[in-house]
Structures are given as structure tokens and as C-alpha cells.
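Read through the structure below, which is laid out as C-alpha cells, and then see the notes.
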Amino acid sequence: MKITLEESTTEVVTLPLQKIVERILSENNSVESLQKDLLLVVIIVLMMENGFLPMENDVEIENPIESIDFKKIRSWRSPLGTYETIFMLNGVPSIPIKVIMSPLGAMVMINASIDVFNGETYSVCLPISKYIVSPQASSVPMIFRDLKHFSFMVNDKVVAAVKSRVLSYCGYPSASLLGLPDDLLFKILLYLPINDVITMRKSCKTMHTVMDSENLWHKLFKRDYKQYTNSTNGSWMELYKTTYLIDVDTARRTRQHRAGSLHDHMDYSDFMSHIENPFWDII
């Protein structure tokens, strides 16, 4: 039975990863940069699982599972230690995606850049040794750890966003919220409580930018504070923040007045949600 990168364990890994890593280890006698080479292979396998095809010299690499070897991996590595690979989404050769892996000490920065969209970039920074724990282990699966977490992080921050952007540009439907037109996304957001709206705003740079729209915050303000909707001075987001904080403080003072002590009489979960509200940090 075929398994994905996410389903890989210390006993068995997805077949493309197994084959490419075995080939690299058989051709390489040096441990220099091996940990980073192997992480690049993991990224390539994850991209291929999501419908992206590796390219070289503007041409799709034929049968990459059988042809990617140590020499090719090192050809993608610059003298400064960064790795640069090019992919295309299957069926969309006109939009190349540049994936750059930049080691930063114990961490690695993974960037996916789309030149067609003015260099629009999606990024995630992760610790190398969390996933490549033993490059010289006796078996390929023992080299890796927690590939489920790696897959989730890179998919969430980079791969899904890039795929949605390309599909949206080409007019194809996307399974991601990032692929929806702004007006439709705003309609969905208006069904969510404000804490969930803020959580979505924090999810990625693109969502953060889209959700900074004054149009959205005007709609949210009208939804939650109907008595103040005639105000048009300044930013709707700032006005929402100010009104929200006043309401929270008023509710807190009312509870204190009626019950004597906020800490003594609030449920613990309510108290924690009060002091950890995401507005304190990001708005």
C-alpha cells in the first residue's frame, strides 16, 4: 500500500523518498551538507505529492524519482550553501515556481517565489535537526523524524498557498480559502466570531493582507456594533479595535461590580480567554 510523506514513520517512508535517498547515499561518501541535501529531497517529494513537477533548464525532469541523484542535488546548491530548485504545477508550465532553501544555522528558511506574480513569496522557517535526525542511520526511515509535522507546516505555509494562487490565476477552482475571490471570502468571514477572524488573519501573509481590507472591517463593525455604524472617521479596523476593547473593559467592570472579583467568580476558561484575547497582540 502506498503511503504519503505525512504518513512516513521510522519504520517505513514513502517510496519516492526511499528511492532518492538510497541513490544519494550510495553516491555520496561525504557527510558535509548531507543533512541539508536530505531535507531538500524531502521538500522535492512533498512538492511532487502536491502536483508540482521539478524542472531543469526550463524543461520538466523526466521520471524524477529515478533520475534525481547526488550530482543533481549538488548542482542546485550554490557556493553560499543555499539550494534553488524550479517547479511547475502539472499542466501549467507557463508559471515556474522557484523554491529556495536557505540554511540559517540550526534553522532552514524555505521560500517559494513566483516571478510571474512580481516575485510573490511564501515562506516558512523550520529547525533542520527536528526532521533529519541521523543522516548516517542504518536504514532510510531511521534518518527522519516527525515528517507529519514537516508536511503540515510546509503545506500550510507554502505549498497550499502557491497552488491556490496559481489555480486562481488560471481560473481553476481552488480547495483553499486563498483561492476564493475577496468578496466571497468576506461573506464567509462574516459568519465567524471575531476571535476566529483574527486567527485566520494570522494564518499567512496573503490572508493577513487580504483581511486588512477596510471593506471587510466596515462589514464586521456593522455586524457587531450596529449602534455606531454612522461613524466614518479613521480606519474601520482601528475603530473596531477601540470599540471592542471598550466593550470588554465595560463587561469586566460590570462583572466585578456585581460579583465582587473578576478572578474569583469567572470560570477559568472565560478568564483565560479574556487575558489571552488575540487582539492584545496583533491589532
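Here the UniProt record's numbering is used: position 72 in the sequence shown is 72, and no number is missing along the way.
The beta-carbon is built from N, C-alpha and C at its ideal position, and this holds for glycine as well.
Legend entry - Rounded C-alpha distance that separates E6 from F221: Sequence index remark: in the sequence shown, residue 6 carries index 6 (1-based). Sequence index remark: in the sequence shown, residue 221 carries index 221 (1-based). E6 and F221: Cα-Cα distance of roughly 41 angstroms.
Legend entry - Opening and closing residue of the alpha helix (DSSP H) in which S203 lies: Taking the sequence shown and counting its residues from 1, one reaches residue 203 at position 203. No alpha helix (DSSP H) contains S203, which DSSP labels as neither H nor E.
Inset, instruction - Could you give the DSSP three-state label for K98: helix, strand or coil? - result: Against the sequence shown, residue 98 aligns to sequence position 98. Three-state result, K98: strand.
Inset, instruction - Could you give the DSSP three-state label for Y122: helix, strand or coil? - result: Position 122 of the sequence shown, counted from the first residue, corresponds to residue 122. Look at Y122 here: in three-state DSSP terms it is strand.
Inset, instruction - Give the straight-line distance between the Cα atoms of V92 and M55, rounded to the nearest whole angstrom. - result: On the sequence shown, position 92 is the one that residue 92 refers to. On the sequence shown, position 55 is the one that residue 55 refers to. So the alpha carbons of these two residues sit roughly 12 angstroms apart.
Legend entry - Inter-residue spacing [alpha-carbon to alpha-carbon] between N111 and Y169: If you number the sequence shown from 1, residue 111 lands on position 111. If you number the sequence shown from 1, residue 169 lands on position 169. Looking at the backbone, the Cα of N111 and that of Y169 are separated by about 20 angstroms.
Inset, instruction - Using DSSP bridges, identify the partner residues of S113. - result: By 1-based counting over the sequence shown, the position of residue 113 is 113. Beta-bridge analysis with DSSP links S113 to K98, T121.
Legend entry - DSSP three-state assignment for P79, whether helix, strand or coil: Locating residue 79 in the sequence shown gives position 79, counting from the first residue. The answer is coil: DSSP assigns P79 none of H, G, I, E or B.
Inset, instruction - Taking L17 as part of the alpha helix (DSSP H), name the residues at either end of that continuous run. - result: Sequence index remark: in the sequence shown, residue 17 carries index 17 (1-based). Element bounds for L17: 15 to 27.
Legend entry - Straight-line Cα distance separating S123 from D249: As a working note, residue 249 is residue 249 in the sequence shown. As a working note, residue 123 is residue 123 in the sequence shown. Taking the straight line from one Cα to the other gives about 37 angstroms.
Inset, instruction - With DSSP as the reference, label I143 as helix, strand or coil. - result: Here the question's residue 143 lines up with position 143 in the sequence shown. Of the three classes helix, strand and coil, the one that applies to I143 here is helix, per DSSP.
Legend entry - First through last residue of the beta strand (DSSP E) which encompasses I190: Here residue 190 refers to the residue found at position 190 of the sequence shown. The sequence shown places Leu at residue 190, not Ile. Per DSSP, L190 belongs to no beta strand (DSSP E) and is neither H nor E.
Legend entry - Spatial neighbours of D3 in its chain, beta-carbon cut-off 6 angstroms, leaving aside the 5 residues before and after: By one-based count along the sequence shown, residue 3 stands at place 3. First, the residue type needs correcting, since residue 3 is Ile and not Asp in the sequence shown. Here I3 has T14 as same chain residues with Cβ atoms under 6 angstroms from its own Cβ, once five neighbours each way along the sequence are excluded.
Legend entry - Closest Cα partner of E84 within the set I44, E66, E120, S134: Looking up residue 84 in the sequence shown gives position 84. Considering only alpha carbons, the answer is I44.
Inset, instruction - For Y225, I'd like the list of residues in its chain whose CB is within less than 6 angstroms of its CB, leaving aside the five on either flank, ordered along the chain. - result: Translated into positions along the sequence shown, residue 225 becomes position 225. Within the same chain, Y225 has close Cβ partners T243.
Inset, instruction - For the stretch 101 to 120 and the stretch 56 to 63, state whether three or more C-beta atom pairs, one from each stretch, are separated by less than 8 angstroms. - result: Short answer: they don't touch.
Legend entry - Whole-angstrom C-beta distance between N90 and L53, which should lie under 8 angstroms: By 1-based counting over the sequence shown, the position of residue 53 is 53. By 1-based counting over the sequence shown, the position of residue 90 is 90. Under the criterion of beta carbons closer than 8 angstroms, L53 and N90 qualify as touching, at roughly 6 angstroms.
Inset, instruction - Determine the extent of the beta strand (DSSP E) in which E56 is found, giving its start and end residues. - result: Counting from 1 along the sequence shown, the entry for residue 56 is found at position 56. 52 to 56 is the extent of the beta strand (DSSP E) around E56.
Legend entry - Beta-carbon proximity check, E11 vs P135, cutoff 7 angstroms: Residue 11 sits at position 11 when you count from the first residue of the sequence shown. Residue 135 sits at position 135 when you count from the first residue of the sequence shown. Against a cut-off of 7 angstroms, the Cβ pair of P135 and E11 comes out as no contact.
Inset, instruction - Would you tell me roughly how many angstroms separate the C-alpha atoms of K148 and R223, rounded to the nearest one? - result: The residue you call residue 148 lines up with position 148 of the sequence shown. The residue you call residue 223 lines up with position 223 of the sequence shown. Answer to the nearest angstrom: the Cα atoms are 39 angstroms apart.
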